[in-house]
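Protein chains: 2
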Amino acid sequence: MRRISRRKTRTQPGSFPQQPFQQLDNPFAPFEIFSADHIEAIHNASLQLLQETGMDFQLDEAVEILGRNGAHVTPGSQRVRMDADFVMEKIATAPSHYSLHARNPKHTLRFGGSSMAYSSIASAPNVSDAIHGRRSGNFEDYKNLLRLTQSLNVAHFVGGYAVEPIDLPVQTRHLHALEAAVRLTDKAFFGYAIGRTRMEDAIEIARIVRGVDRETLSIEPSVHTVVNSNSPLVYDGALLDGAIAMARAGQIVIYTPFTLAGAMAPVTLAGALVQQNAEALAGIAFSQCVNPGAPVMYGSFTSNVDMRSGSPAFGTPEFAKATIASGQLARRYNLPIRASNVTSSNAPDAQAAYESQMSLWACMLGHINAVNHGLGWQEGGLCTSYEKFILDAEMIQMMQAFLSVPEMDEDALAVEAIQAVGPASHFFQSPHTMARYESAFNAPLLSNWQNFENWQDAGSQDATTRATGIWQQMLNEYEEPALAPEISEELSAFVAKSSEAGGAPAL
Amino acid sequence: MRRISRRKTRTQPGSFPQQPFQQLDNPFAPFEIFSADHIEAIHNASLQLLQETGMDFQLDEAVEILGRNGAHVTPGSQRVRMDADFVMEKIATAPSHYSLHARNPKHTLRFGGSSMAYSSIASAPNVSDAIHGRRSGNFEDYKNLLRLTQSLNVAHFVGGYAVEPIDLPVQTRHLHALEAAVRLTDKAFFGYAIGRTRMEDAIEIARIVRGVDRETLSIEPSVHTVVNSNSPLVYDGALLDGAIAMARAGQIVIYTPFTLAGAMAPVTLAGALVQQNAEALAGIAFSQCVNPGAPVMYGSFTSNVDMRSGSPAFGTPEFAKATIASGQLARRYNLPIRASNVTSSNAPDAQAAYESQMSLWACMLGHINAVNHGLGWQEGGLCTSYEKFILDAEMIQMMQAFLSVPEMDEDALAVEAIQAVGPASHFFQSPHTMARYESAFNAPLLSNWQNFENWQDAGSQDATTRATGIWQQMLNEYEEPALAPEISEELSAFVAKSSEAGGAPAL
């Protein structure tokens, strides 16, 4: 076949073929696992559960807020029951759309409807790569993973600490970790809701780097966090404390039940979804009691366990169905939704790829707005892999290309072009081809399309080996995004002052 | 977490966790890439192309048949033009549903509507595995791949020669290859349409092993073949010769244009689909001229090339969209459709997994009835990999589990079970869990869900390495399916007699 020389295109930043950073919008109809009737059955069952059993809110202030707003508090306990009317009335004030602002306005994201965005992995205790092996989380790897997040256009936002920097002291870790996040990237970021101080520090850092006042920040959300329930039916006190700070400041909280079917939730998919829905709605109702209109997201994390061992399994068919069904539930309430790109694999191998693909397709089909853990997740979230980070970038870029609606007009239909070529010829040098070939197809970042002999001559590198070369080169080519000197100084001063003041309590 | 001991379930045949062999039916709504208007635009453009430009049918008998039935033949040439009315009238007699009969009736498959089935790879010239490396196709590997096809319940039918047995003489290769296919498996099989003799021998072998007469065979299709067009706009003479034999005998022909966008078809997706649709409809119209009502399938194989090298690329976002759009076109004509599970990767690695996943999701979403090359495809079809065979089996089993509609009733909603467990507990020993855990979730064939430490202690095997162990054990445990002695004798006699008579000409 003929070779067509290729000009380098779409390669900013760095020298890799990348599509530009873009706000994605899913142009296709959402997929449905359950009929509308069955979604209604899940909805009703979850409201029944909140009414009859309720949830434990392990923070007296939260219980007091809920009681004051009309929920039923069992005296002397933290058990809160909610009538169906209370839940529906409260969640009605949650916004269906909002933006998550980044310090670089080009990286601000819209959430809601059919928007889509992918974040870097959050909260892994370990990190690994093919050169240095597996090790505990540390600040240096944390920073490198931020650099990759900045370099990859499909990493739309920072999802949390890609790996826990355990070499930083607990009380001031969040200050240094967040400072690194906002210096090494100019994308939207995440603060941990581990008590109110950490959350407020994250909000103040967002305000500083965006160069706005608190009032502007309160109508332009610039920090997001996740509040997991301790399934079944418990919200932890420290997380609620952080959630209160976020709601009051108008920042985004994602209420994500940790409903592993067969372990912390019923073994049936419908049952696990009933519990997930009850817990998510309870959290969202709570947020609206704190501050009506505060931006929230419906969190979907339902998966199943391996019934032989009790270990969680991710990227399974059950996970895919739960994710898509969760999209149906979130649309039922007109709420933005997050899910995840996950795998149980212990290596960045074929299993990691196919379990992540199950996740990514489910997220696309379910119209998931925020795909958390989009890049780097391995070992059920216990390890971030540099190679998996690159594998995920490629898979997300493919999904992004899938989401572009094909051209459709007379030129695209190409009847004249086919007639000009005619039978028993080819299209390589057809003017129709020559005018379009540079941008006609998705250009791979990682995939190798060489024939076997050329691939063998080049060293027979499998995809994982090639991924190692890519992240190494990407780190070499990384450039820190500019930060105005006065903002940089204000940031340094805030971190220094807060650190000297002792940071936040170790919880 | 607590351990729940697991009784061995669903493990027939062999000792691997497998779902039973089953006729799949897609319970979900088909996905749509194009609006109905745009599908109509593709339809109209393809009819315009057949009317104005036509196709070359490189067999005088085929040209004569088409001319006699009302197509326009350019005198002195093999160029055939078809009016829109001619095409629509002819394809209207093609059946929307039919069965492909296997010698074991339990393995007979239904095609049409929302049915789904996956076949083993066909026609690779090379074969590879992690133990013996890569080599040319040969009869021993051919037979081993049949044994795996028989052993894996998700391999619904034999898609062709999983690897070309080039050590068998060309003239009699089909006789020995087909004999092996029907002895080593009792699943439905494939004959090659390389001239009429080979096709007729395949049909006779089907008749013998099914123990029926020709008349029964003609209403119970028991052989299938693929007729590719030489895109653009050519049908090869030898294939048409085989296609005539198949249509007359009432056997299944899949007309599959080889429309690689940017090479043998326009660089635009819409244009490539216009050409695919024209070529497929022309083939199907031809089949109905030969024998109205003969079973046919719409073939989708549209993908794109790498514009840097001209090499074909498979499992791309463009391939996925083309596959789903082809499903829309086939439904427009009420015809069964085939597509493929494909990758360009040169190794059974993460790229192979994610490109195959792109293919498998597209096939599921597009309501593809026959997923050809379902198991084993690597290197753009130039090599069959034993490890990829197992990877694909796992991925197909996951897709099969995805296709089961979740239970939905009061028990499944599990409100009472959640209430009985209550907040801050777990479901491991809940009666609701205990009654259901054995069959609640898909059990993996290949995926490893151990934690990192246990996985490391067991040798840190990645998915590809584990696949090697699985195919080896599967071959060790293989048992040849029974064949009645009188049928076995008749089969041997037919092969011996036909071989002595010289087999079929080398084309």
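Each protein sequence line maps, in turn, to chains A and Z. Per this note's numbering, the first sequence starts with residue 1, numbered consecutively. Per this note's numbering, the second sequence starts with residue 1, numbered consecutively. All residues carry an ideal CB built from backbone N, CA and C; glycine is no exception.
Candidates A:Ala412, A:Asp411, A:Lys497 and A:Gly70: which alpha carbon is nearest A:Phe286's? Position 286 of the first sequence, counting from 1, holds the residue named residue 286 of chain A. Of the listed residues, the one whose Cα sits closest to A:Phe286 is A:Gly70.
Does the beta carbon of A:Arg81 sit closer than 8 Å to a beta carbon anywhere in chain Z? For the purposes of this step, residue 81 of chain A is taken as the residue at position 81 of the first sequence. No, its Cβ sits nowhere closer than 8 Å to a Cβ of chain Z.
Is Z:Phe31 near the ligand NAP, with its Cβ less than 7 Å from a heavy atom? Ligands displayed in this structure: none; no statement on the ligand NAP is therefore possible.
If you count every other CB in all the chains shown that lies within 10 Å of the CB of A:Met55, and 16 or more means buried, which is it? By one-based count along the first sequence, residue 55 of chain A stands at place 55. So A:Met55 ends up on the buried side.
Sort A:Phe190, A:His72, A:Thr197 and A:Asn153 by Cα distance to A:Ala501 and report the nearest one. Along the first sequence, read from residue 1 onward, the residue named residue 501 of chain A stands at position 501. Scanning A:Phe190, A:His72, A:Thr197 and A:Asn153 for the CA closest to the CA of A:Ala501 turns up A:Thr197.
Cβ atoms of A:Tyr118 and A:Leu375: under 8 Å apart, would you say? Here the question's residue 375 of chain A lines up with position 375 in the first sequence. Here the question's residue 118 of chain A lines up with position 118 in the first sequence. With a cutoff of 8 Å on beta-carbon distance, A:Leu375 and A:Tyr118 are scored as near each other.
Hey, how far is the Cα of Z:Ala510 from the Cα of Z:Val405? The requested residue 510 of chain Z is not part of the displayed model; chain Z covers only 1 to 507.
Could you tell me whether the Cβ of A:Cys383 comes closer than 8 Å to any Cβ of chain Z? As a working note, residue 383 of chain A is residue 383 in the first sequence. Output row for A:Cys383: interface = yes.
Give a yes or no on whether 8 Å exceeds the smallest Cβ distance from Z:Arg331 to chain A. Walking along the second sequence from the start, residue 331 of chain Z turns up at place 331. Chain A, which has no Cβ nearer than 8 Å to the Cβ of Z:Arg331, makes this no.
State the Cα-Cα distance for the pair A:Ile4 and Z:Asp409, rounded to the nearest angstrom. As a working note, residue 4 of chain A is residue 4 in the first sequence. As a working note, residue 409 of chain Z is residue 409 in the second sequence. Annotation note: pLDDT 40 at A:Ile4 (below 50); position unreliable, no value reported.
For A:Gln378, count neighbouring Cβ atoms within 10 angstroms of its own Cβ and tell me buried if that reaches 16, exposed if not. In the first sequence, counting from the first residue as 1, residue 378 of chain A sits at position 378. By the 16-neighbour rule on beta-carbons within 10 angstroms, A:Gln378 is buried.
Environment of Z:Arg466 [buried if 16+ CB atoms lie within 10 Å]: Here residue 466 of chain Z is taken as the residue at index 466 of the second sequence, counted from 1. By the neighbour-count rule (16 or more Cβ atoms within 10 Å), Z:Arg466 is buried.
Return the chain-ordered list of same chain residues with a C-beta closer than 6 Å to the C-beta of Z:Ile131, the five sequence neighbours on each side being excluded. Taking the first residue of the second sequence as position 1, residue 131 of chain Z is located at position 131. Correct list: empty, nothing qualifies.
Tell me whether the beta-carbon of Z:Asn304 lies closer than 8 Å to the beta-carbon of Z:Ser46. By 1-based counting over the second sequence, the position of residue 304 of chain Z is 304. By 1-based counting over the second sequence, the position of residue 46 of chain Z is 46. No.
Buried versus exposed, by CB contacts within 10 Å (16 or more), A:Asp25: Numbered from 1 along the first sequence, position 25 holds the residue referred to as residue 25 of chain A. Under this definition A:Asp25 is an exposed residue.
Using only CA atoms, which one of A:Ala353, A:Arg331, A:Leu335 and A:Pro336 lies nearest to A:Thr580? Residue 580 of chain A is absent from the structure shown; chain A starts at 1 and stops at 507.
With DSSP as the reference, please indicate the residues paired to A:Leu148 in a beta bridge. Position 148 of the first sequence, counted from the start, is the residue given in the question as residue 148 of chain A. Within the DSSP secondary-structure output, A:Leu148 pairs in no beta bridge.
Out of Z:Val163, Z:Val209 and Z:Ala177, point me to the one whose CA is closest to Z:Pro169's CA. Here residue 169 of chain Z is taken as the residue at index 169 of the second sequence, counted from 1. Out of Z:Val163, Z:Val209 and Z:Ala177, Z:Ala177 has the C-alpha closest to the C-alpha of Z:Pro169.
May I ask which residues mark the beginning and end of the beta strand (DSSP E) holding Z:His373? Counting from 1 along the second sequence, the entry for residue 373 of chain Z is found at position 373. Element bounds for Z:His373: Ala370 to Leu375.
DSSP three-state call for Z:Leu59: helix, strand or coil? What you label residue 59 of chain Z is simply residue 59 of the second sequence in a count that begins at 1. If DSSP states are grouped into helix, strand and coil, Z:Leu59 belongs with coil.
Taking the alpha helix (DSSP H) that Z:Tyr437 falls in, what are its first and last residues? Counting from one through the second sequence, the residue named residue 437 of chain Z turns up at place 437. Where Z:Tyr437 is concerned, the enclosing alpha helix (DSSP H) starts and stops at Tyr437 to Ala440.
Identify every residue that forms a DSSP beta bridge with A:Cys383. Here residue 383 of chain A refers to the residue found at position 383 when the first sequence is read from its first residue. Partner(s): A:Asn126 and A:Gln378.
For the alpha helix (DSSP H) that contains Z:Gly242, what are its first and last residues? Counting from one through the second sequence, the residue named residue 242 of chain Z turns up at place 242. Note, Z:Gly242: alpha helix (DSSP H), Gly237 to Arg248.
Helix, strand or coil for Z:Arg308 per DSSP? Here residue 308 of chain Z refers to the residue found at position 308 when the second sequence is read from its first residue. Reduced to three states, the DSSP call for Z:Arg308 is coil.
A:Val371: contacting residues in chain Z (beta-carbon distance under 7 Å): As a working note, residue 371 of chain A is residue 371 in the first sequence. One finds nothing in chain Z with a Cβ atom closer than 7 Å to the Cβ of A:Val371; even the nearest lies about 16 Å away.
Let me check one thing: in DSSP terms, what residues is A:Ser136 bridge-paired to? Position 136 of the first sequence holds residue 136 of chain A. Per DSSP, A:Asn126.
If contacts are defined as beta-carbon pairs under 8 Å, then A:Pro257 and A:Ser231 qualify, I think. What distance do you get, rounded to the angstrom? Sequence index remark: in the first sequence, residue 257 of chain A carries index 257 (1-based). Sequence index remark: in the first sequence, residue 231 of chain A carries index 231 (1-based). Cβ atoms of A:Pro257 and A:Ser231 come within 8 Å of each other, at about 5 Å.
Would you say Z:Thr9 reaches chain A, if we count a Cβ-Cβ gap shorter than 8 Å as a contact? Numbered from its first residue, the second sequence carries residue 9 of chain Z at position 9. Residue confidence is low: Z:Thr9 scores 40 on pLDDT, short of 50, so the model does not pin down where it sits. Its coordinate-derived value is still stated next. No, because no Cβ of chain A sits closer than 8 Å to the Cβ of Z:Thr9.
Identify, in the order they occur along the chain, each residue of the same chain with its Cβ nearer than 7 Å to the Cβ of Z:Ala193, setting aside the five sequence neighbours on each side. Taking the second sequence and counting its residues from 1, one reaches residue 193 of chain Z at position 193. Sequence-distant Cβ neighbours of Z:Ala193 in its own chain, meaning closer than 7 Å and more than five residues away, are Met199, Thr225, Val227, Leu239, Gly242, Ala243 and Met246.
Cα separation between Z:Leu413 and A:Ile39? Along the second sequence, one-based indexing puts residue 413 of chain Z at 413. Along the first sequence, one-based indexing puts residue 39 of chain A at 39. Taking the straight line from one Cα to the other gives about 11 Å.
Rounded C-beta distance between A:Gly262 and Z:Ala440? I'm assuming under 8 Å. Reading the first sequence from its first residue, position 262 is the one you call residue 262 of chain A. Reading the second sequence from its first residue, position 440 is the one you call residue 440 of chain Z. Sure, about 6 Å apart at Cβ, within 8 Å.
Tell me, please, whether the segment 417–433 of chain A touches the segment 317–331 of chain Z by the rule of three or more beta-carbon pairs shorter than 8 Å. Contact between the segment 417–433 of chain A and the segment 317–331 of chain Z is absent: fewer than 3 CB-CB pairs across the two stretches fall below 8 Å.
Using a 10 Å radius around the Cβ and a threshold of 16 neighbouring Cβ atoms, would you call Z:Arg147 buried or exposed? Position 147 of the second sequence, counting from 1, holds the residue named residue 147 of chain Z. Buried, by the Cβ-count rule.
Mind checking A:Met1: buried by the 16 CB within 10 Å criterion, or exposed? Looking up residue 1 of chain A in the first sequence gives position 1. Residue confidence for A:Met1 is low, a pLDDT of 35 falling below 50, so the modelled location carries little weight and cannot support an answer.
Chain A contact residues for Z:Asp462, given Cβ-Cβ distances below 7 Å: Your numbering for residue 462 of chain Z matches position 462 in the second sequence. Ala347 and Asp349, listed in chain order.
Which residues DSSP lists as bridging Z:Ile252, in chain order: Stepping through the second sequence from its first residue, residue 252 of chain Z is reached at position 252. Under DSSP, Z:Ile252 forms a beta bridge with Z:His224.
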